[in-house]
Amino acid sequence: MVVTAERTASAATLEAHKAPVFIGAVTLRVHDLPALTAYYRDAIGLRLIRQDAESAELGVGAQVLVRLVAGAVRPTSAAGLFHLAILLPSRRDLANWLRHAAVKRISLEGASDHLVSEALYLSDPEGNGIEIYRDRARAEWPRKPDGGIAMATERLDLDKLLSEADETAYAGMPESTGMGHIHLRVGDTQAAEAFYRDLLGFDLMVHYPGASFLASGGYHHHIAGNIWGSRGAGLRQPGEAGLDRFELIARDEVDFAAMRQRILAAGGNEADGEPTVTDPWNNRLVLVR
């Protein structure tokens with residue numbers, strides 16, 4: 003996959019994309035393709051880029067952020083997607099989306115200030131978790147005495163945020179929006195660290211009780227794994243509803259070559275020029291550029 007000028011522009015503005023490797027499109031396997039397509043278009047505010055009888059691609063401009071694939075079976079494992087996280091360029095963009103949610107009566111499940119970011123949480127009609135957030139500037143991220151990033155889960159003042167929204171009809175997510183991170187349900191956080199840190203080379207950034215947060219290039223997290231509802235979970239099976247795969251995007255050829263080598267050394271393979279591997283719970287990732 004070729005890095006487009008649009009993706010390059012996005013990478014210049016989003017903190018998550020100022021890294022050697024970051025998260026690209028997330029593919030979900032769904033039961034009701036028309037309903038989920040309408041939800042990600044009308045409720046979330048993504049543009050429908052391509053659609054046929056078996057799949058749909060939604061995103062911003064020409065950049066795909068969410069792929070939906072029809073034909074899901076009931077999951078047998080508690081592992082998989084906790085949430086995909088769509089990163090907006092600014093606090094005003096987050097305020098505008100919140101106003102859109104209020105007008106459309108879109109139910110939220112949570113709203114948090116994580117010190118490094120501000121986030122809104124919800125789920126799509128099939129229970130796939132979604133985070134919509136904005137980052138504070140990296141220079142504003144609080145630090146622990148040892149220099150590590152400090153994160154927390156504090157109350158986000160929705161009334162104050164809403165007061166900063168534009169008084170105009172919502173036009174959808176701005177074209178500099180990107181996928182910020184992916185949060186997974188895993189069976190064991192130490193096994194997740196062994197795979198994503200020790201094999202793939204992501205840095206362990208933050209420990210929460212029952213969760214690990216890992217990243218490339220000093221970001222607060224590109225990949226997280228928790229056991230809050232999935233301790234001891236086994237392998238996901240092909241075709242299960244929910245997460246089908248997610249992309250890792252390499253910033254340049256050097257970063258692509260380094261991650262490719264790690265993926266192949268971790269037992270992955272290369273199909274159509276795209277290295278791919280599954281984690282210990284059969285969550286598939288694909289490296290693109």
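So for the sequence shown, the numbering used here puts the first residue at 3; every next one is plus one.
Note that the Cβ used here is the ideal one computed from N, Cα and C, for glycine as well.
DSSP, reduced to helix, strand and coil, places A72 within a strand of the structure shown.
Between I251 and V290, the CB-CB gap stays under 8 angstroms. In the DSSP assignment, I229 falls outside any alpha helix (DSSP H) and carries neither an H nor an E.
The Cβ neighbour count for N228, taken over all protein chains shown within 10 Å, is at least 16; the residue is labelled buried.
Only residues of its own chain outside the window of five on either side were considered, and among them Q239 have a CB closer than 6 angstroms to the CB of T78, listed in chain order. In the DSSP assignment, L38 falls outside any beta strand (DSSP E) and lies within the alpha helix (DSSP H) extending over 35 to 40. For Y198, the closest of Y221, W230, I265 by C-alpha to C-alpha distance is I265.
If the five residues before and after R94 are omitted, its C-beta is found closer than 8 angstroms to the C-beta atoms of E166, A167, D168, all from its own chain and listed in chain order. Assignment of H223 by DSSP, reduced to helix, strand and coil, places it in the coil class. In the DSSP assignment, T15 falls within the alpha helix (DSSP H) that extends over 7 to 15. Rounded to whole angstroms, the separation of the alpha carbons of V105 and G219 is 38 angstroms. Non-local beta-carbon contacts of T155 in its own chain, meaning distances under 7 angstroms to residues more than five positions away in sequence, involve S114, H116 in chain order. Here DSSP, grouped into helix, strand and coil, assigns Y210 to strand. Beyond the five residues adjoining it in sequence on each side, L163 comes within less than 7 angstroms, by CB distance, of L96, A97, L100 in the same chain, given in chain order. Taking the C-beta atoms as reference points, V66 is found no nearer than 8 angstroms to V32. Each residue's CA atom was taken as its position, placing L201 and A171 some 46 angstroms apart. In the three-state reduction of the DSSP assignment, D115 falls in the strand class. Of the residues assessed, R140 falls on the exposed side of the cut-off, its CB having fewer than 16 other CB atoms within 10 angstroms. A direct Cα-Cα distance of roughly 31 angstroms separates I132 from A259. According to the DSSP assignment, L60 belongs to the beta strand (DSSP E) that extends over 57 to 62. Nearest to P282 by alpha-carbon distance, out of T191, L206, Y221, is T191. Sixteen is the threshold: when 16 or more other Cβ atoms of the shown chains lie within 10 Å of the Cβ of P91, as they do, the residue is buried.
T29 sits close to D246, with the two beta carbons spaced by under 8 angstroms.
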